[in-house]
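In the numbering used here, the protein residues as written are 14 to 227.
What follows is a short report on a single structure.
Right, here's the structure in full:
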């Protein structure tokens with residue numbers, strides 16, 4: 014385990030090795046991390062607290078209740094918004110599971126298959142992954158296209174955190190279940206998207222400090 018985490022920090026070459034070490038996902042598999050977080054318990058309390066709200070959801074699924082305001086203070090980056098590089102330390106501080114959370118930067122993600130392996134690895138450990146996505150359909154400056162997540166329409170650039178809590182993968186299905194903490198009820202709650210759409214929503218980001226925590 015220590016070697017796997019060291020590989021993540023080692024760079025892109027290390028991540029390719031990491032991808033080979035992640036357990037292969039199982040066909041005909043449906044798994045969902047249970048939670049008692051219903052109604053609006055993890056709805057983001059400001060327009061920009063999607064990071065604290067997603068982190069709250071993950072901890073709540075473990076039986077920990079940490080307020081969004083506390084998490085917002087500890088997750089804050091130089092711009093005042095959530096800094097993804099702070100999420101692993103905060104999760105590791107409050108967690109009630111024997112998991113070491115780490116971050117994979119967007120620039121280290123080499124394929125949709127690797128994202129699939131990260132998702133299934135997180136859920137198989139009865140935990141969640143927290144990616145920073147561009148939820149809207151969007152084409153970045155490099156010409157890379159993302160269809161966005163199912164409840165979002167139009168074309169817009171913007172970062173948003175969600176918590177991936179389940180998957181349904183077989184020879185004919187390739188879906189991920191994610192919890193969206195959005196303050197707008199049109200987006201809030203557990204939703205389903207294709208693994209490809211989720212991966213592309215991560216990869217379309219234009220700044221390399223983003224990615225996924227698991």
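C-beta atoms are modelled at their ideal positions from N, C-alpha and C, and glycine is treated no differently.
None of the values given here were measured: they were computed from a predicted structure.
Under 7 Å Cβ to Cβ from residue 50, same chain only, skipping five residues before and after it: list those, please. Mapped onto the chain shown, residue 50 falls at position 37. Only 70, 73 and 74 meet the Cβ criterion.
Hey, residue 110 and residue 131: beta-carbon distance below 8 Å or not? Mapped onto the chain shown, residue 110 falls at position 97. Mapped onto the chain shown, residue 131 falls at position 118. Taking 8 Å as the Cβ cut-off, residue 110 and residue 131 do not qualify as a contacting pair.
Between which two residues does the beta strand (DSSP E) carrying residue 44 extend? Indexing the chain shown from 1 puts residue 44 at position 31. Residue 44 -> beta strand (DSSP E) spans 42-45.
Do you know offhand how far residue 154's Cα is from residue 218's? Position 141 of the chain shown, counting from 1, holds the residue named residue 154. Position 205 of the chain shown, counting from 1, holds the residue named residue 218. Roughly 10 Å between the two C-alpha positions.
Rounded to whole angstroms, what is the Cα-Cα separation between residue 68 and residue 183? Within the chain shown, residue 68 is the residue found at index 55, counting from 1. Within the chain shown, residue 183 is the residue found at index 170, counting from 1. Roughly 29 Å between the two C-alpha positions.
Suppose contacts are defined by Cβ-Cβ distances below 8 Å. Is residue 142 in contact with residue 225 by that definition? One-based indexing of the chain shown puts residue 142 at position 129. One-based indexing of the chain shown puts residue 225 at position 212. Cβ distance < 8 Å, so residue 142 and residue 225 count as in contact.
Where does residue 50 fall in DSSP's three states? Within the chain shown, the letter at position 37 stands for residue 50. In the structure shown, residue 50 sits in coil (DSSP, three-state: anything other than H, G, I, E or B).
If you scan the stretch 162-190 from start to end, which runs of the beta strand (DSSP E) of 3 or more residues do you find wholly inside it? 176-182, all fully within the stretch 162-190.
Please look up how many angstroms separate the CB atoms of residue 96 and residue 106, rounded, as I've assumed it's under 8 Å. In the chain shown, counting from the first residue as 1, residue 96 sits at position 83. In the chain shown, counting from the first residue as 1, residue 106 sits at position 93. At roughly 15 Å, the Cβ-Cβ gap does not stay under 8 Å, so residue 96 and residue 106 are not in contact.
Hey, residue 63 and residue 173: beta-carbon distance below 8 Å or not? Mapped onto the chain shown, residue 63 falls at position 50. Mapped onto the chain shown, residue 173 falls at position 160. Yes, Cβ-Cβ distance for residue 63 and residue 173 is below 8 Å.
Can you tell me the Cα-Cα spacing of residue 175 and residue 144, whole angstroms? Residue 175 sits at position 162 when you count from the first residue of the chain shown. Residue 144 sits at position 131 when you count from the first residue of the chain shown. In a straight line, the C-alpha of residue 175 is about 6 Å away from that of residue 144.
Just to check my reading of the structure: residue 179 and residue 193 have Cβ atoms closer than 8 Å, yes? What is that Cβ distance to the nearest angstrom? The residue given as residue 179 occupies position 166 in the chain shown. The residue given as residue 193 occupies position 180 in the chain shown. Contact flag wrong, Cβ pair sits at about 13 Å.
Nearest candidate by alpha-carbon position, reference residue 114, set 126, 94, 127 and 136: Against the chain shown, residue 114 aligns to sequence position 101. When each option's Cα is compared against that of residue 114, the closest is 136.
For the beta strand (DSSP E) containing residue 135, list its first residue and its last residue. What you label residue 135 is simply residue 122 of the chain shown in a count that begins at 1. For residue 135, there is no enclosing beta strand (DSSP E); the residue is part of the alpha helix (DSSP H) that begins and ends at 125-137.
Is residue 76 buried or exposed, if buried means 16 or more other CB atoms sit within 10 Å of its CB? In the chain shown, residue 76 corresponds to position 63, counting from 1. Classification for residue 76: exposed.
Using DSSP with H/G/I as helix, E/B as strand and the rest coil, what is residue 144? For the purposes of this step, residue 144 is identified with residue 131 of the chain shown, where counting begins at 1. Strand.
Which of the three DSSP states, helix, strand or coil, is assigned to residue 218? Along the chain shown, one-based indexing puts residue 218 at 205. In this structure, residue 218 counts as coil in the three-state DSSP scheme.
Please look up how many angstroms separate the CB atoms of residue 125 and residue 212, rounded, as I've assumed it's under 8 Å. As a position in the chain shown, residue 125 is number 112, starting the count at 1. As a position in the chain shown, residue 212 is number 199, starting the count at 1. With 8 Å as the limit, residue 125 and residue 212 qualify as a contact, their Cβ atoms being about 4 Å apart.
Output needed for residue 150: all residues of its chain with C-beta closer than 6 Å, excluding positions within five of it in sequence on either side, in chain order. Mapped onto the chain shown, residue 150 falls at position 137. Excluding sequence positions up to five before and after residue 150, its CB lies within less than 6 Å of the CB of 160, 161 and 168, all in the same chain and listed in chain order.
Within a Cβ cutoff of 6 Å, which residues of the same chain sit near residue 146, ignoring the five residues on either side of it in sequence? Working through the chain shown from its first residue, we reach residue 146 at position 133. Correct list, in chain order: 173, 214 and 215.
On a CA-only basis, which of 181, 60, 204 and 157 is nearest residue 165? Give me that one, please. In the chain shown, residue 165 corresponds to position 152, counting from 1. The candidate whose alpha carbon is nearest that of residue 165 is 204.
Drop a sphere of 10 angstroms on the beta-carbon of residue 148, count the other beta-carbons inside from all chains shown, and report buried for 16 or more, exposed for fewer. In the chain shown, the residue the question calls residue 148 occupies position 135. Buried is the call here.
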